[in-house]
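Going down the list, the protein sequences come from chains U and Y. Numbered per my numbering, the first sequence finishes at 1206, counting up by one with no gaps. Numbered per my numbering, the second sequence finishes at 1206, counting up by one with no gaps.
Protein chains: 2
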Amino acid sequence: MSLKHTLLGFLNMWPLSGYDLTKMFGATVRFYWSATHTQIYRTLKQMLQEGLVEQELVRQTDYPNKKLYHITDRGREELLAWLAEPADIPPVRHRLLVKMSLGEELDTETIIRLLEDYRKKLQQRLDLYDKRNKQITQEYARSERERFLWDAVLDNGISVYETELEWIDRTLRGLQRFIGRAREEK
Amino acid sequence: MSLKHTLLGFLNMWPLSGYDLTKMFGATVRFYWSATHTQIYRTLKQMLQEGLVEQELVRQTDYPNKKLYHITDRGREELLAWLAEPADIPPVRHRLLVKMSLGEELDTETIIRLLEDYRKKLQQRLDLYDKRNKQITQEYARSERERFLWDAVLDNGISVYETELEWIDRTLRGLQRFIGRAREEK
DNA sequence: CTGCCCATGTAAATGGTTACATGATTGA
DNA sequence: TCAATCATGTAACCATTTACATGGGCAG
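As structure tokens, this is what we get:
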């Protein structure tokens, strides 16, 4: 599992609470990994049992108390070992492509609607990436090399989504010639 | 879940066994959805209970008996309703990007190794896509439009992986200037 | 006689989503 | 007074992976 290692990676910079980590997954981290608070709390609990992190209870008066997690030496070891291992291509689970490949069951108009809807979502995603882009990577990076790496990560997302946008447009253009024709003769 | 609907999609063409479906997921279907035989058998069982498919036992002498699954009217209904629903952008779970974003913990040389390994895997994946490309889509498509849709699905995969290849090369070039430098001063 | 193809499955663990649940403080 | 933010979590379910398990036929 990578969620464990992603969490270790962040705890390796500063101690953080489950809530802090959840917020990070809502903001920047989701560019390469997604997780909900449920999952984060559960994973932190496991990691505590495995001795990868330690818990510090922080009492607060104006806000609810919180639990800060600190990475341990075991945790750092685990993190470094995992980081150096090669990574596989992520498994593909692309609902739109499933629908396209079964598209003989749909009108051309419906297929176009699916593509246009997906196009809108891609556009929204790209807007999100662009906005954060310059700010976060420039401000918080601890070195020139880290800034470069963070930019590269964003670059990956942007390039892939832009490629999909172009693919959508290409596919929409190609579909034009099927408009109006009935749902193919059997 | 889309596995259910993917299976319905194929059973909508011809009756198939769990084994047949597993083979398809090992060959073409994995271009947009991945699944193991464990999952396929279990999902078929559920679908049977939900009345989306029916089972036909086929006795064979030279080979083990098999169970052919036929789609029902309920199944066809479910499939069509699902197909017309808009699809979301798949959640991102990209291990290489996690590693890159935590890359401050690694030597530049190790990061380069990770990228080069990923590059090789991308190349292999692309070879796979290209080989099947012309054959399958041309031979089995039941209409010009279906052929177009299948090509579009492959086109999506190829474009995205080629984009990642270019991204890798760009990133490798950019990393050159960090080679040799120690793992940044704290 | 070794290993692959046919064909089915179960068990156990891990991973992920959705809904439920609480309760104080702060700002519009 | 309404909604959002802070901060924690549980319960139930759904999805996925890995390993275990069986056993005949066929080709090299």
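Note that the Cβ used here is the ideal one computed from N, Cα and C, for glycine as well.
Limits of the alpha helix (DSSP H) - the one that Y:Val1112 falls within: Segment: none, Y:Val1112 is in no alpha helix (DSSP H) and carries neither H nor E.
Chain-ordered residues of the stretch 1090-1110 of chain U with a beta carbon less than 9 Å from chain Y: Taking 9 Å as the upper bound on Cβ-Cβ separation, chain Y lies near residues Arg1096, Leu1099, Leu1100, Trp1102, Leu1103, Ala1104, Glu1105, Pro1106, Ala1107, Asp1108, Ile1109 and Pro1110 of the stretch 1090-1110 of chain U.
Limits of the alpha helix (DSSP H) - the one that Y:Tyr1039 falls within: Per DSSP, Y:Tyr1039 belongs to the alpha helix (DSSP H) from Gly1038 to Gly1046.
Listed by chain order, chain Y residues near U:Thr1130 by CB distance under 7 Å: Here the neighbours are Ala1104.
Of the listed residues Y:Asn1032, Y:Trp1034, Y:Gln1059 and Y:Met1033, nearest to Y:Phe1045 (C-alpha basis): Comparing Cα positions, the closest option is Y:Gln1059.
Same chain, Cβ closer than 7 Å to U:Arg1079, five either side skipped, listed in chain order: Only Asn1085 meet the Cβ criterion.
Whole-number beta carbon distance between U:Leu1117 and Y:Tyr1052, since they are thought to touch under 8 Å: The beta carbons of Y:Tyr1052 and U:Leu1117 sit about 3 Å from each other, so the pair counts as a contact at 8 Å.
Short Cβ contact (9 Å threshold) for U:Leu1134 with Y:Pro1106: In this structure, Y:Pro1106 lies closer than 9 Å to U:Leu1134 by Cβ.
Span of the beta strand (DSSP E), counted from its first residue to its last, around Y:Gln1075: DSSP places Y:Gln1075 inside the beta strand (DSSP E), whose first and last residues are Val1073 to Val1078.
Counted within 10 angstroms of its Cβ, other Cβ atoms place Y:Phe1030 as buried (16 or more) or exposed: Buried, because 16 or more other Cβ atoms sit within 10 Å of the Cβ of Y:Phe1030.
Strand pairing of U:His1025, partner residues [DSSP]: Partner(s): none; U:His1025 has no beta bridge.
Span separating the alpha-carbon of U:Leu1077 from that of U:Trp1034: C-alpha of U:Leu1077 to C-alpha of U:Trp1034: approximately 15 Å in a straight line.
Contact the stretch 1122-1141 of chain Y vs the stretch 1089-1108 of chain U: 3+ CB pairs below 8 Å: Contact between the stretch 1122-1141 of chain Y and the stretch 1089-1108 of chain U is present, with at least three C-beta pairs closer than 8 Å.
contact_flag[the stretch 1158-1176 of chain Y, the stretch 1190-1198 of chain Y] where n(CB pairs < 8 Å) is 3 or more: Result no; under three Cβ-Cβ pairs closer than 8 Å.
Test item: CB-CB of Y:Ile1109 and U:Arg1145 under 9 Å: In this structure, Y:Ile1109 sits near U:Arg1145, with a CB-CB distance shorter than 9 Å.
Below-9 Å beta-carbon distance, Y:Trp1034 vs any chain U residue: With 9 Å as the cut-off, Y:Trp1034 does not count as an interface residue toward chain U.
U:Leu1068 versus U:Ser1179, U:Leu1027 and U:Glu1136, residue with shortest Cα-Cα distance: Of the listed residues, the one whose Cα sits closest to U:Leu1068 is U:Leu1027.
9 Å Cβ cutoff, U:Ala1047 in contact with chain Y: Cβ-Cβ to chain Y under 9 Å: no for U:Ala1047.
Limits of the alpha helix (DSSP H) - the one that Y:Tyr1061 falls within: In this chain, the alpha helix (DSSP H) harbouring Y:Tyr1061 covers His1057 to Gln1069.
CB contact below 9 Å: Y:Thr1058 versus chain U: With respect to chain U, the C-beta atom of Y:Thr1058 has no partner C-beta closer than 9 Å.
Contact set between U:Leu1116 and chain Y, taken where Cβ atoms lie within less than 7 Å: Residues of chain Y passing the Cβ test: Ala1107.
Pick from U:Lys1024, U:Arg1167 and U:Lys1140 that is closest to U:Leu1185, judged by C-alpha positions: Its Cα nearest to that of U:Leu1185, the residue U:Lys1140 stands out among U:Lys1024, U:Arg1167 and U:Lys1140.
Cβ-based neighbour list, Y:Gln1158, same chain, cut-off 8 Å, excluding 5 preceding and 5 following: Take Y:Gln1158, set aside five residues on each side of it, and the residues of its chain with a beta-carbon closer than 8 Å to its own are Arg1167, in chain order.
Residues sharing a beta bridge with U:Tyr1089, DSSP: As DSSP reads the structure, U:Tyr1089 sits in a beta bridge with U:Leu1036 and U:Gln1075.
DSSP bridge partner residues for Y:Trp1053 (one or two, in chain order): DSSP output for Y:Trp1053 lists U:Arg1113 as bridge partner(s).
Backbone secondary structure at Y:Asp1137 - three-state DSSP: DSSP places Y:Asp1137 in helix when its eight states are reduced to three.
Whole beta strand (DSSP E) elements within the stretch 1177-1205 of chain Y, 3-residue minimum: Counting only runs of 3 or more, we get nothing.
8 Å Cβ shell around Y:His1114 - same chain, five flanking residues per side excluded: Taken in chain order, the list of residues that qualify is empty.
Sequence-distant residues of its chain with Cβ nearer than 7 Å to U:Ser1022 (five each side left out): Within the same chain, and ignoring the five residues on either side of U:Ser1022 in sequence, the residues whose Cβ sits closer than 7 Å to its Cβ are Trp1053.
Backbone secondary structure at U:Thr1128 - three-state DSSP: Note: U:Thr1128 maps to helix in three-state DSSP.
Own chain, CB closer than 8 Å to Y:Lys1206, minus 5 neighbours either side, in chain order: Note on Y:Lys1206: pLDDT 40, under 50, position unreliable in the model; no value is reported.
Same chain only: Cβ atoms within 6 Å of Y:Gly1177, ignoring 5 sequence neighbours per side: Counting only Cβ-Cβ distances below 6 Å, and skipping sequence neighbours, we find Phe1051 and Tyr1149.
Three-state secondary structure assigned by DSSP to U:Ser1163: In the three-state reduction of the DSSP assignment, U:Ser1163 falls in the coil class, being assigned neither a helical nor a strand state.
Interface residues of chain U facing Y:Gly1200 [CB-CB closer than 9 Å]: Within 9 Å Cβ-Cβ: nothing; Y:Gly1200 doesn't reach chain U, min ~12 Å.
Buried versus exposed call for U:Ala1055 [16 or more other C-beta atoms within 10 Å across all chains shown]: Around the beta carbon of U:Ala1055, 16 or more other beta carbons sit within 10 angstroms, so the residue counts as buried.
Three-state secondary structure (DSSP) of U:Leu1142: Annotated three-state conformation of U:Leu1142 is helix, per DSSP.
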